[in-house]
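Protein sequences, first through last, are from chains A and B. The working numbering applies: residue 1 is where the first sequence begins, and numbers increase by one. The working numbering applies: residue 932 is where the second sequence begins, and numbers increase by one. For glycine and all other residues, C-beta sits at the position ideal for the given N, C-alpha and C. Below: one structure, written as structure tokens.
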Amino acid sequence: MKKTILIALAMVIGCGYGYAQDEQFKDTIPVMFGNSVLNETLGGVSAINMEALTEKNYNTYAGDNLQGYVGGYNGNSLWGLDDALVLIDGVPRDINNVKPDEIATITFLKGAQAVVLYGSSGAKGVILITTKRGKEGALKIDVRANTGWNFAKSFPEYLGSAEYMSAYNQARVNDGLSPLYSDNDLYNYSSGINPYRYPNVNFYTSDYIKKSFNRSEITAELSGGSKYAKYYANVGFYRQGDMLNFGEAENDYTQRFNVRGNVDLNLNDWITAAVDANVSFYDQKTPAGANFWEAAATFRPNRVSPLIPVDYIDPNAIGAWNMINETDNIFGGCFLGGTLLDKTNVFADFYAAGKSKWTSRQFQFDTTLNFDLSKITKGLSFHTQFGLDYRTSYTTSFNNEYASYEPTWANYQGRDVIVALNNNETLDKKSGIQNVSGSTDDQVISFNAHLDYNRTFNEDHNVSAMVLANGYQLSESGEYHKISNANLGVMAAYNYQNRYFANFSGAIVHSARLAEGHREAFSPSLSLGWNIAKDFLQDTAVDLLMLSASGSILNTDYGIDEFYMHKGTFTQDKNTWWGWREGVANNPTISERGANEDLTFLKRKEFSINLKGSFWNQMLTADVSFFTNMMDGGVISATSMYPIYFKTYYPNSSFIPYMNYNRDTRTGVDFSVNFQKKWDDFYFKAGINGTYYTTNANRRDDTEIADAYQKREGHAIDAIWGYECLGYFKDADDVANSPSQNALSGNVKPGDLKYKDQNNDGIIDSKDQIDLGKGAWYGSPLTLGLNITAKYKNFTLFLLATGGFGGKAVKNNSYWWIDGDDKYSAVVRGAWTPETASTATYPRLTTGDGSNNFQNSTYWLYKTDRFDLAKVQLTYDFPTEWFTNKWVSGMSAFVNGSNLLTIAKEKDILEMNVGSAPQTRFYSLGVKVSF
Amino acid sequence: MKKIKIMTMVIAVGLCFAACDDMFEPAIENQGDLETRLKEPSYAQGLIGSAYASLPYSYQGAPTSDLATDDAVHNDPADNYARMATGSWASNNDPLSQWTDRYAAIQYTNLMLESADKVKWADSLALRTMFADHFKGEAYGMRALQMFYLLRAHAGLVGGELLGVPIHEASEDGASNFNVERPSYSDCVAFMLADLDKAMELLPFEDGNITAEQLPEKYKKIGGVVDQYNRAFGDHMIGRVNGKICEALKSQILLYAASPAYAKSGYTWEQAAQAAAAVLKHIGGINGLDPNGHTYYCNKDELKNLTAVKDPKEIIWRGDVQNINTLESDNYPPSILGNGRVNPTQNFVDAFPMLNGYPISDNNSGYDPKNPYVGRDPRLALYVVLNESTQGSEGKTIVTGVYGDNADALNRENKKSTRTGYYLRKLLRDDINLNTGTNQNHYVARIRYTEIFLNYAEACNEAYGPTGEQGGCGSAYQVIKKIRERAGICANTNDPYLKDIADANDKAKMRELIRNERRIELCFEGHRFYDLRRWSTTENILPELTATAGGMEISKDASSGALIYKKIEVDPRAYTGTSIYGPIPYSEIMKFGNLKQNDGWR
């Protein structure tokens, strides 16, 4: 552990940690470029001890419900800032590519003071994931086997054929058209006499969907080491099935195999080294063609019978039989149905369109060298890390075309028979060629080096300092420019008797995206801390009471999306063509943008206060932060300062410069409170934590907005804008006597939604949209987490609950906004008709585009407030005495349920996925055996 | 800063085997400012290319503003033109706005004008001058063209005064004064005419190779030779703006300026007639009318062999030939895999006279409402897919009647079926199979001689009456007679309906007839929307402007099998008096206080 200690000593840097961890940390947690002693951090940091957590809480995804354990992270962002950087072992990496059982700790670097040394890329917060490492000792092997089943929470409900057709007739009548389906049609479809002639396709039946699907996983961890070398390895494999159970989808799977390993070496008495590597193989197999869940939300039940038994074909229909004899696509005695307008469908695709496999390979490597330079100067050390990651992905597929057949039905003596088939010129075509598509190749190179100094003088004066260089570069296939970060850093810290703390950190950030002479900026951060307990509360119940405050200004080029945005240039627009006769095609010369050499970094200006305490020997711990920050200088294309013709799309021309203009502020508090107590055989721990924040678009260019209530400035950044709905139009007079809604639709009728004319100009248009509430784009305004651990003898019960409050959303997916030829969901049952006007729960149906009703408005608004029981797990540790002197040294087993329960007013909406695979509950069990 | 540079070098060393592009210095892009670009002639010429790339003619010739008139409806209610016709037209929601693209094009034409003399187009002075003349000439012509389309969409009354749109004589940059007042409409017309005069001075009437004797004197003077001329103005430049096009533009500009909506400009019908006559004189007046001009889009042999050097007789300016099926894919009926987009209205169908030349409302017409498509002007079947007519390469019979058994039937399939009982036939070819995906040659006719003939007839009638003649290209009566003859009306009967009007010297009736012929001949080419407006005044708007777009529901009598025709209402045309002029974009009104909105718009 020499390395860790070295770094720990080197870094008494101003970083705090939250007391909200699952298990208490014994000494240090990883923070930026080192580790930090827990009691001496200066705010803006929380951490989770994943190694301990995994023993009692099985997760399949590293980022699962992390808001349940710490304050300041709301599942989406740190302190409400978007785009937090994920670092795995110090390198920007994908959180999907590390398994929970590989992780030692997750540190949330929320405050500006905690990320300053990362430069531009860390400016919106960092989630620092540190993987496990080997410990000195004999070879230890842990093998885990877990298996579980996913059950769908909810499926959307759609109308069957007869009900759909009758509702569609109503929509036609509403639009002044005649009904499309006759009473005879409705009778035939509703009677169910011949579902092939009168189809009634229901996606959500056991014909297509399984009750559950399995996910199984096995992991082996090996670790150990001597004084000179320590090692850790993790080999894992999982395979997950799919909910679909027909055609090619029966073979669907997702699987991943990975090997992670690291070695720590003491090369001599002053040099240590570490080498880490991780390789993963990920494959996902699906049918080629349409997506089942998307089709389930759009495919009307009465249009096509996807599979029709060949038995229905009249034996004398020679032409039809000739067609059937020629096709290979007969499945369970059925041929594929189709019509001229619906030649293909998802069912036929799954049987006959072929198959597809997405493959992803990742290789990650990094190495660290640490030099103890105390021979030169006491307390001096040097550390450097270099990382190299590759990832590649591609899709291989076999894509087939297939013939589908439109039957002509007749009825002979009361029996339906097919007398002819029409393939509408579709043909079976199997190329036999494997297609490769979507290939990507990405590479990340990362490097950092820092010289650290740490020393205590006269036992009271603790001094530390650091100078640092840090950089990384991501090259992505298909992207000319690379994503880069380059910065230098300095840090100087002092504390007196671990009682009074001061820390100054600064970074010089560099960005090649800005104009020459504007590419560097200095980001300072100053933190002060006072351990009050040491001054006033010695020998009381208070173990720790630490108050700290921080002020920072971080510069970042996050938000400067392109290179050369400062430069006014003329170029040829390669996507536009001009010519004057046959065969002449040139690219026009266009201005790309106006010049603004002064374009500069965005600035995160922040002030935060942190108070943390520990009482009664850590029985109760608490951590509270207040923060207020401003992201200043958000880049806009200053459209409203120039005429609209300064920018066109064809050709893609602009004379408008980019400038730093927008200002966003975020203010909030986060907290964590933990209680723990042990009685003889019983141990209890409860943690509650939360984040509350508000956002404000502090400065916006609102020149083109006339009405004060419409100006974006002063509203939440994630405000949803929409109309205030006044209910349904009662009758034609109501429509005629109300402000005109023609701007929304030329076909407004009774039963349509009526909106409030906010500016009283007699016209309802976008100028009448108001702020309807927060869309919670960066996480709910209030996020709460609760975790409880109870141990009795060898049993451990773990519970995790999360809650999100204060956000709103609009019911705007295809389940709610139904018009034209959309599939009709159950909501249309409440549609407005003159007869049901008083009880209607849905606007009048229309075959038009519904553009009057389907606008963001209070009518469709709902609160996303929710409380989730995210996890319950019961773990049993087999008694250790069973294993003395056995080659098996320990064993435990668990049962676990995930996403069990949602308590919310709008639970039905929140739990239902439309157009994508359903949300699932996951029940699993697992065993861990140690050798 | 020097230390920073040194330290960054340290990092650079750390990453030495990585490509350091974008880390400290941005990876090089091909960039330069205008001065740099002007050193390369191909770049410099590309400035005028921006104006060409965004010409105000509809993409691939698809009908646009016609969908917001009484001629057609769209079968997708979300279509922008359908939406505006039914009431969504507003200054912040204007699908016909020209403000952005026209002024952007003017910006580039101005940059071209300012740059043309700075660019080293060639080594020799003569050739350099010739190229500069060509590009400047084009730029002047282009600028006038942009202004014409700006005026058509945005000119209007402000406090009763007829205003045009700001004139940009020079290119603008970030420091320019954008907050300018609108000049009068007539100032704008004068500006355009002056631009066109400059263009015609600089450009040849037509590009194309010449012989040494034909070399213009002005180039001989500076030592030019014919080979140089042929490089700057030769065959390979055919298709670019030339003197002929500028002349035709003048006819368009003056026709609008003389029309009732813009009469306050002071320009007269006589001027409009003379401008049209100037164009027509080059083809010998009436006798120059292309006998197949009304089916230019489907003259198969002509289209097959079309090359730049030989345009069809009908064409003044056209786009290049493209081998595509976009229009058919959009507009063929659904049973042959089209999307049935543009549906001609009953109003439009009723506009076609009978074969005997009489309007269907005339007692002499012999029109039978029970057989409405019998004995009609042949252009009806040429331009509209009627019930039980055929379409597509396989000659499939299209049944739009509600008795039909597929999606071609009226209102059968949302966004596929016709909403009026008719599908579009004009502009489409009948030899495309969408199932196999065949393509055929198409081009966009930007300016047709037929249009100029109709401009001439209209202006002559207004200026001199049906039979009066000043322009030297015949009377309105003679022109219209010729056009109707071409269509196949009254092949042997001397067009009695038309003759009666001429004999009675009935200017009003003649006006009505000319307007109707214009509606038919130029249908679905983007004229109707603006014609209806220029023929109106705020006090007196044409009833056609607000006429409900109708359709025809055709059913079959169960017992007799006879077809029953019933007219239906399809879409309103929610226009008011103010909407004979379009709005200035809302955002510009908000930004620039001196820019006044047209009356009635906000």
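Task: the stretch 1097–1117 of chain B / the stretch 1513–1532 of chain B touching (three or more Cβ pairs under 8 Å) - done: Three or more pairs of CB atoms, one per stretch, sit closer than 8 Å, so the stretch 1097–1117 of chain B contacts the stretch 1513–1532 of chain B.
Open item on the list: Quick check on residue 1119 (chain B): does DSSP put it in helix, strand or coil?
Closed with: Residue state, collapsed to three classes: helix.
- [ ] Using a Cβ-Cβ cut-off of 8 Å, state whether residue 79 (chain A) counts as contacting chain B.
- [x] Chain B, which has no Cβ nearer than 8 Å to the Cβ of residue 79 (chain A), makes this no.
Task: Length of the line joining the Cα atoms of residue 294 (chain A) and residue 141 (chain A) - done: Per the coordinates, the alpha-carbon of residue 294 (chain A) lies some 45 Å from the alpha-carbon of residue 141 (chain A).
TODO: Starting from the C-beta of residue 1224 (chain B), find all residues in its chain whose C-beta is less than 6 Å away, skip the five residues before and the five after it, and write them out in chain order.
DONE: For residue 1224 (chain B), where only same-chain residues beyond five positions count, the Cβ hits under 6 Å are 1245, 1381.
Task: Buried or exposed (CB count within 10 angstroms, at least 16 for buried), residue 1152 (chain B) - done: With fewer than 16 other Cβ atoms within 10 Å, it is exposed.
Open item on the list: With DSSP as the reference, identify every bridge partner of residue 473 (chain A), one or two as the case may be.
Closed with: Beta-bridge partners of residue 473 (chain A) (DSSP): A:445, A:484.
TODO: Go through its chain and collect everything with a Cβ distance to residue 940 (chain B)'s Cβ below 8 Å, but skip five positions before and after it.
DONE: Low confidence applies here, because residue 940 (chain B) scores a pLDDT of 44, under 50, leaving its location unreliable and the question unanswered by this model.
Task: 3-residue-minimum beta strand (DSSP E) runs that sit fully inside the stretch 962–1009 of chain B, ordered along the chain - done: 1003–1005, all fully within the stretch 962–1009 of chain B.
Open item on the list: So with CB distances below 9 Å, who are the chain B contacts of residue 851 (chain A)?
Closed with: Against chain B, the beta carbon of residue 851 (chain A) has neighbours under 9 Å at 1008, 1009, 1014, 1019, listed in chain order.
Task: Cβ distance (whole Å) where residue 1196 (chain B) is taken to contact residue 1120 (chain B) below 8 Å - done: Indeed, because the Cβ distance is near 6 Å, the residues count as touching under 8 Å.
Open item on the list: Would residue 1169 (chain B) pass as an interface residue toward chain A - the criterion being a Cβ-Cβ separation below 8 Å?
Closed with: Any Cβ of chain A closer than 8 Å to the Cβ of residue 1169 (chain B) would place that residue at the interface, and such an atom is present.
Open item on the list: If you follow the alpha helix (DSSP H) that residue 1257 (chain B) is in, where does it begin and where does it stop?
Closed with: Note, residue 1257 (chain B): alpha helix (DSSP H), 1257–1262.
Task: Span of the beta strand (DSSP E), counted from its first residue to its last, around residue 1588 (chain B) - done: Since the displayed chain B opens at 932 and closes at 1533, residue 1588 (chain B) lies outside it and no answer follows.
Task: Distance between residue 993 (chain B) and residue 1532 (chain B) (C-alpha atoms, nearest Å) - done: Near 28 Å, if we compare the C-alpha coordinates of residue 993 (chain B) and residue 1532 (chain B).
Open item on the list: Distance cutoff 8 Å, beta carbons only. Does residue 1412 (chain B) sit that close to anything in chain A?
Closed with: Not closer than 8 Å to any Cβ of chain A, the Cβ of residue 1412 (chain B) fails to qualify, so no.
TODO: Please check if any C-beta of chain B sits within less than 8 Å of the C-beta of residue 640 (chain A).
DONE: It does: the Cβ of residue 640 (chain A) has a partner Cβ on chain B nearer than 8 Å.
- [ ] Run the CB neighbour count on residue 1305 (chain B), radius 10 Å, all protein chains shown included, and call it buried at 16 or more, exposed below.
- [x] With a threshold of 16 other beta carbon atoms within 10 Å, residue 1305 (chain B) falls short and is exposed.
TODO: Would you please verify whether the beta carbon of residue 738 (chain A) is less than 8 Å from any beta carbon of chain B?
DONE: Chain B has no Cβ within less than 8 Å of the Cβ of residue 738 (chain A).
Open item on the list: Between the stretch 895–909 of chain A and the stretch 866–880 of chain A, can you find at least three pairs of beta-carbon atoms closer than 8 Å?
Closed with: These segments touch.
Task: Validate contact between the stretch 332–346 of chain A and the stretch 260–275 of chain A using beta carbons, cut 8 Å, 3 pairs - done: Because the criterion of three Cβ pairs below 8 Å is not met, the stretch 332–346 of chain A and the stretch 260–275 of chain A do not touch.
TODO: Would you please verify whether the beta carbon of residue 127 (chain A) is less than 8 Å from any beta carbon of chain B?
DONE: So, not an interface residue.
Task: Within 8 Å, strictly: CB atoms of residue 215 (chain A) and residue 240 (chain A) - done: Yes; because the gap between Cβ atoms is below 8 Å, this pair is in contact.
Task: Local conformation of residue 358 (chain A) per DSSP, three classes - done: Residue 358 (chain A): strand per DSSP, three-state reduction.
Open item on the list: Does the stretch 754–770 of chain A come into contact with the stretch 654–674 of chain A, if we say contact requires no fewer than three beta-carbon pairs (one atom in each stretch) closer than 8 Å?
Closed with: The stretch 754–770 of chain A and the stretch 654–674 of chain A do not touch, with fewer than 3 CB-CB distances between them shorter than 8 Å.
TODO: Could you tell me which of B:1166, B:1008, B:1332, B:1264 sits nearest to residue 748 (chain A), measuring between CA atoms?
DONE: Nearest option by C-alpha distance: B:1008.
Task: Residues within the stretch 553–570 of chain A neighbouring chain B, beta-carbon criterion of under 9 Å - done: Considering only beta carbons, the part of the stretch 553–570 of chain A lying closer than 9 Å to chain B consists of 563, 564, 567, 568, 569, 570, in chain order.
Open item on the list: Quick check on the burial criterion: 16 or more other C-beta atoms within 10 angstroms. Buried or exposed for residue 228 (chain A)?
Closed with: Burial check for residue 228 (chain A): the Cβ neighbour count within 10 Å stays below 16, so the residue is exposed.
TODO: Take the Cβ of residue 1200 (chain B) as the centre, count every other Cβ of all protein chains shown within 10 Å, and call the residue buried at 16 or more, exposed below.
DONE: Residue 1200 (chain B) should be labelled buried.
Open item on the list: I'd like to confirm the pairing. Which residues does DSSP put opposite residue 285 (chain A) in its beta bridges?
Closed with: Residue 285 (chain A) pairs with A:253, A:357.
TODO: With DSSP as the reference, please indicate the residues paired to residue 405 (chain A) in a beta bridge.
DONE: Checking the DSSP bridge columns, you'll see residue 405 (chain A) partnered with A:337.
TODO: With 8 Å as the C-beta to C-beta threshold (strictly closer), list the residues of the stretch 802–831 of chain A near chain C in chain order.
DONE: Absence of chain C from the displayed structure is noted, the protein chains being A and B.
TODO: Please determine, among B:1029, B:1032, B:999, B:1027, the residue with the shortest C-alpha to C-alpha distance to residue 1016 (chain B).
DONE: For residue 1016 (chain B), the closest C-alpha among the options B:1029, B:1032, B:999, B:1027 is that of B:999.
Task: Own chain, CB closer than 8 Å to residue 1109 (chain B), minus 5 neighbours either side, in chain order - done: Result list for residue 1109 (chain B): 1103, 1522, 1523, in chain order.
TODO: Give the straight-line distance between the Cα atoms of residue 1346 (chain B) and residue 787 (chain A), rounded to the nearest whole angstrom.
DONE: Spanning the two alpha carbons is a distance of roughly 54 Å.
TODO: Flag residue 452 (chain A) as yes if its beta-carbon sits less than 8 Å from any beta-carbon of chain B, otherwise no.
DONE: Residue 452 (chain A) does not count as touching chain B.
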